[in-house]
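S.K.: Numbering-wise (the working numbering), the sequence shown opens with residue 2 and increments by one.
Note that beta-carbon positions come from the ideal geometry of N, C-alpha and C, so glycine has one too.
This is the structure I have questions about; it appears just below.
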Amino acid sequence: MAQCLFCRIVAKEVPSKAVYEDGEIYAFEDIHPQAPVHVLLVPKQHLAHTLELTEASIPLMGRLILAGNRVARDRGVAENGFRLVLNTNRDGGQLIFHLHMHLLAGRPMAWPPG
């Protein structure tokens, strides 16, 4: 997807502050952080949102969560706690239509979130 911002970030056409990368996932700092630690974890494969996931996506989503755990440990926030968030479509708070998971940490998280 040539016009997708996250596809362009994954392709390194747009700069980002990378914090993790493997064969399927790229993670980088959010440019508008909502917490002291705010990282976006993005599958390299373009999927617009969670509604495009299938049974075949289960391993990818498991790896996405494990990558989030790894980033939380690397950032020193795993012990105190963190939040992993997936937003779907506009009313769900999704602004960039490339599936991504937010890792938020470094402060107490309120509930409900918004």
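Assuming L85 contacts M102 (C-beta within less than 8 Å), just tell me the rounded distance between them.
M.R.: 6 Å
S.K.: Give me the DSSP bridge partner(s) of F83.
M.R.: A106
S.K.: Could you have a look at P37 and say whether DSSP puts it in helix, strand or coil?
M.R.: coil
S.K.: Suppose the cutoff is 6 Å on Cβ atoms and the five residues either side in sequence are ignored; what does the same chain contact list for A79 look like?
M.R.: Answer for A79: A73, listed in chain order.
S.K.: Taking a contact to mean a Cβ-Cβ separation below 8 Å, would you say I66 touches P44 in this structure?
M.R.: no
S.K.: Which class does L42 belong to by DSSP, given the choice of helix, strand or coil?
M.R.: Correct three-state label for L42: strand.
S.K.: Which residue marks the beginning of the beta strand (DSSP E) containing F7, and which one marks its end?
M.R.: Here F7 belongs to no beta strand (DSSP E); instead the alpha helix (DSSP H) covers 6-11.
S.K.: Of the choices R64, D92, F83, whose alpha-carbon is the least far from that of W112?
M.R.: For W112, the closest of R64, D92, F83 by C-alpha to C-alpha distance is F83.
S.K.: Compute the Euclidean distance between the alpha carbons of P60 and G24, then round it to the nearest angstrom.
M.R.: 13 Å
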